[in-house]
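Q: Right, I'll just put the structure down here and ask away after.
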Amino acid sequence: MSAFRADIWRAAQTGDSATLAALLKKEAEVPVDILNDWGVSPLMLACSSGHEEVAAMLVQAGAALGLQDRESGYSALHRAFLQCHLAVAAMLVRAGASVDVPLDREGLSPLLLLQRRFASNAWLSAKPMPAGDIFTWGQAGNVALGRGETSASLAVAPGRAEVPPFTCARAVAVAKHHTLIVDEGGGMHSCGLGVGGRLGHGDEAAVVLPTRVRLPRVRVVSVAAGL
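First residue of the sequence shown: 258, per our numbering; consecutive thereafter.
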C-alpha cells in the first residue's frame, strides 16, 4: 500500500493519467483522498500542477473538493487559483466547489486569494502598459462580465467585454460582483451589480455593459475593486 500511495501522488503531480486510472480501480484499494506528509491530497497536487484531465478523474472518483492542506489551509480550488490554472478551477466549480469557502489560514476564500494573486502582479500597477481589449468568462448572473449577459449561465469561453466604442483598456480590476476598467485616456468604466453603490454611478442599479463613471476633471491611473 505504501508504494501505491507514492504512485498516486506522483501520478497526480505529473499528470500521468494512465497510471492514475489503474490506481483508481476498485481492486487497487488506493484511497482517492490519501494525504501526504504535508496533508496534501492527490487532487490538490493535480490542481497545483494544472493537470485538468487528472484532476477531473480524481473528482469523478469521489475526491473531496473541500479538503485543506495542513500548512496553508489551501483547498484544491485555492491551489488552482494560486497558480492561475483557470481551466482546472472552472472544472472544480462546475463539479460543485465553492469560491467562497473554505477559508485558508489567512482567512481568504479561494476567490479572495485569486484577487490577491492578481493584485500583486506588476502588470496591475500604475506603470504604463499597452492598452487593448478585455476578455471575460465565468458566471454571467452577476452581470460583471461586461458582455450584456444577464442569465445565470456560465460563460466558459472567453469573450470580448463590450466597452464603449473607441475605448482601449489600460487597467482592469475584478471582484465577485463587479468589474472596473480604466481606459487609456484616464476614464473609469464599471459594470456589475450596483448594491451598496459599488459601481460609482450614484445609485444601486445593476449595469450590464461597462459604463463610464462621472469623475469631472479626474484622470484615473490605477484601480482596485473591493467586495
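Glycine included, each C-beta is placed from N, C-alpha and C at the ideal position.
Please read these numbers as outputs of a predicted model, since none were measured by experiment.
1) Among the candidates Gly307, His342, Gly330, Gly353, whose CA atom is the shortest distance from the CA of Ala320?
2) Please report the straight-line C-alpha distance between Leu360 and Ser332, rounded to a whole angstrom.
3) In this structure, how does DSSP classify Pro473 when only helix, strand and coil are distinguished?
4) With the cut-off set at 8 angstroms, would you say Met445 and Leu456 are in Cβ contact?
5) Helix, strand or coil for Ser366, going by three-state DSSP, please let me know.
6) Enumerate in chain order the residues of its own chain whose CB-to-CB distance from Gly416 is below 7 angstroms, with the five nearest sequence positions on each side excluded.
7) How about Cys304 and Ala275: do their beta carbons lie closer than 8 angstroms?
8) Beta-carbon within less than 6 angstroms of Val297's beta-carbon, same chain only, minus the 5 sequence neighbours each way: which residues are those?
9) Which runs of the alpha helix (DSSP H), 4 residues or longer, sit entirely within the stretch 264 to 300?
10) Report yes if the CB atom of Leu281 is closer than 8 angstroms to the CB atom of Ala318, and no otherwise.
11) Can you look up Gly395 in the DSSP assignment and give me helix, strand or coil?
12) Quick check: what's the CA-CA separation for Asp440 versus Ala462?
13) Report all residues from its chain with a CB closer than 7 angstroms to the CB of Trp266; omit the five preceding and five following residues, and keep chain order.
14) Just reading off the alpha helix (DSSP H) that Leu437 is part of, what are its end residues?
15) Specify, as a first and last residue, the run of the beta strand (DSSP E) that His446 falls within.
16) Who pairs with Gly416 in a beta bridge, going by DSSP?
17) Taking Glu310 as the reference, give the member of Ser329, Glu328, Val287, Thr271 with the closest Cα.
18) Leu411 bridges to which residues according to DSSP?
19) By how many angstroms is the C-alpha of Val289 removed from the C-alpha of Leu493?
A: Short version:
1) Gly353
2) 9 angstroms
3) In this structure, DSSP gives Pro473 a state outside helix and strand, which the three-state scheme calls coil.
4) no
5) Note: Ser366 maps to coil in three-state DSSP.
6) Phe392, Thr393, Trp394, Arg404
7) no
8) Asp326
9) Every alpha helix (DSSP H) of 4 residues or more that sits fully in the stretch 264 to 300 is shown, in chain order, as 274 to 280.
10) It is a contact, given that the beta carbons lie within the stated cut-off.
11) In the three-state scheme derived from DSSP, where H, G and I count as helix and E and B as strand, Gly395 is classed as strand.
12) The straight-line gap from Cα to Cα measures roughly 22 angstroms.
13) Asn293, Pro299, Leu302
14) Taken as a continuous stretch (DSSP letters only), Leu437 belongs to no alpha helix (DSSP H), being part of the beta strand (DSSP E) at 435 to 440.
15) 445 to 449
16) BP columns for Gly416 point to Thr393.
17) Thr271
18) Gln396
19) Absent from the structure is residue 493, since the part of the chain shown begins at 258 and ends at 484.
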